[in-house]
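*Asks:* Protein chains in written order, with our numbering: chain R, 27 to 136; chain H, 27 to 136. Every residue, glycine too, gets a C-beta built ideally from N, C-alpha and C. Provided herewith is a single structure, encoded as structure tokens, for subsequent inquiry.
Number of protein chains: 2
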Amino acid sequence: MTAMLVPVFAALGDETRWSILAALGEGDASASALADRLPVSRQAIAKHLGVLQQVGLVESVRVGRELRFRAVGAELSVTARKLDAIGAEWDRRLSAIKAIAESLPRLEVE
Amino acid sequence: MTAMLVPVFAALGDETRWSILAALGEGDASASALADRLPVSRQAIAKHLGVLQQVGLVESVRVGRELRFRAVGAELSVTARKLDAIGAEWDRRLSAIKAIAESLPRLEVE
DNA sequence: TCTCTGTGCAATCACATGGTTGCACAAAGA
DNA sequence: TCTTTGTGCAACCATGTGATTGCACAGAGA
């Protein structure tokens with residue numbers, strides 16, 4: 027269930043990819059356009075875009091001879107919802123354990 | 027703002043760490059106990075727990091001579107909320123651009 | 001005390017990955 | 001047509017990292 031989630035997190039676990047996503051958040055752009063704004067080569071950016079596209083965080087559209095990329099927020103929302111559910115489950119179990127522990131007769135520890 | 031987020035995603039971008047988190051989700055455990063259940067060495071698990079602890083996804087408590095770890099769901103919830111906000115923002119801008127585009131007189135393309 | 005168990009630290013290794021440069025090629029514009 | 005610009009592909013390199021083994025040490029129990 028969470029299997030498909032891990033690559034998304036791996037993709038999000040890189041600073042450069044976040045700067046790419048941030049740049050795309052202000053409007054679609056091609057790899058070359060991004061390379062003008064960011065301190066990395068176009069090829070490096072193309073690789074990152076490949077990673078992001080593979081996990082659905084960006085989409086690409088051909089415009090003439092250039093490939094424009096767009097950040098896909100929906101994927102983030104889906105991921106966020108799953109994350110929240112998992113976190114809530116852990117805390118639920120934790121508080122359940124706490125409640126049980128507190129209902130027990132106190133054990134004396136010397 | 028998102029700067030502290032990236033290490034969390036990097037920590038979540040590994041299958042083994044997810045199995046550790048999943049195991050901890052069913053109850054606190056030490057590195058050695060986890061090594062009995064998972065197909066990796068104790069030292070490898072200890073490293074992973076170090077990574078997870080550094081980003082606040084697990085906490086440790088000394089019980090006698092053993093170190094017990096617990097999954098912290100709250101950190102996931104915080105992360106999930108930030109993710110959702112970012113995703114919503116991207117989609118908001120995207121739909122805003124769409125709305126503008128659709129309100130414009132249609133351009134003829136030959 | 002002797003033994004077993006759980007940690008901690010270090011060295012090592014293989015592989016993934018972020019980054020670069022170089023070259024080739026196709027399409028838009030002068 | 002010639003030049004420019006944007007891609008695509010490949011080789012290469014350095015570093016990070018997931019994982020291992022080995023050893024040392026401290027605490028709990030027989």
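Starting from R:Val87, trace the beta strand (DSSP E) both ways and give me its first and last residue.
*Replies:* Looking at the DSSP string, the run of the beta strand (DSSP E) that includes R:Val87 is 84-89.
*Asks:* Assuming H:Pro105 contacts R:Leu93 under a Cβ cut-off of 8 Å, what Cβ separation, rounded to an integer in Å, is found between them?
*Replies:* Sequence check: residue 105 of chain H is Thr here, not Pro. The pair is not a contact, with the Cβ atoms about 31 Å apart (cut-off 8 Å).
*Asks:* For H:Leu60, report the span of its alpha helix (DSSP H) as first-last.
*Replies:* Its alpha helix (DSSP H) spans residues 57-63.
*Asks:* Using only the alpha-carbon positions, how far apart do H:Ala97 and H:Arg68 sit?
*Replies:* If I take the Cα positions, the gap works out to 18 Å.
*Asks:* Reducing DSSP to helix, strand and coil, say where R:Glu115 ends up.
*Replies:* In the structure shown, R:Glu115 sits in a helix (DSSP, three-state: H, G or I).
*Asks:* Kindly indicate if chain R contains any beta-carbon less than 7 Å away from that of H:Ile112.
*Replies:* Yes - at least one Cβ of chain R is within 7 Å of the one on H:Ile112.
*Asks:* R:Leu102 and R:Ala37 - do their beta-carbons sit closer together than 7 Å?
*Replies:* No, these two residues do not count as a Cβ contact at 7 Å.
*Asks:* Which residues in the same chain have their Cβ closer than 8 Å to the Cβ of H:Leu64, if we skip the five residues on either side of it in sequence?
*Replies:* If we look at H:Leu64 and ignore the five residues flanking it on each side, its Cβ neighbours are Thr42, Ser45, Ile46, Ala49, Ile71.
*Asks:* Kindly identify the DSSP beta-bridge partner or partners of H:Phe95.
*Replies:* In the DSSP output, where bridge partners are listed per residue, H:Phe95 has H:Ala55, H:Ser86.
*Asks:* Residues in the same chain with beta-carbon distance under 7 Å from H:Glu84, minus the five sequence neighbours each way, listed in chain order, please.
*Replies:* Looking at the sequence shown, residue 84 of chain H is not Glu but Val. Excluding positions up to five away in sequence, the list reads Leu50, Leu75, Leu78, Phe95, Arg96, Ala97, Val98.
*Asks:* So what's H:Arg132 in DSSP terms, helix, strand or just coil?
*Replies:* Low local confidence applies: a pLDDT of 48 at H:Arg132 is under 50, so the model's placement there is unreliable, and no value is given.
*Asks:* Anything in the stretch 94-106 of chain R with a Cβ closer than 9 Å to a Cβ of chain H? List those residues in chain order, please.
*Replies:* Listed by position along the chain: Arg96, Ala97, Val98, Gly99, Ala100, Glu101, Leu102, Ser103, Val104, Thr105, Ala106.
*Asks:* Note down the Cα distance separating R:Ser121 from H:Arg119, rounded to an integer number of angstroms.
*Replies:* Approximately 39 Å, taken between the alpha carbons.
*Asks:* How would you list, in chain order, the residues of chain H whose beta-carbon sits under 9 Å from the beta-carbon of R:Ala36?
*Replies:* In chain order: Phe35, Ala36, Leu38, Gly39, Asp40.
*Asks:* In the DSSP assignment, the alpha helix (DSSP H) including H:Gly5 goes from what residue to what residue?
*Replies:* Nothing about residue 5 of chain H can be read from this structure; chain H reaches only from 27 to 136.
*Asks:* Counting only the same chain and skipping the five closest in sequence on each side, list residues whose C-beta sits under 6 Å from that of R:Ala55.
*Replies:* Nothing listed; no residue qualifies.
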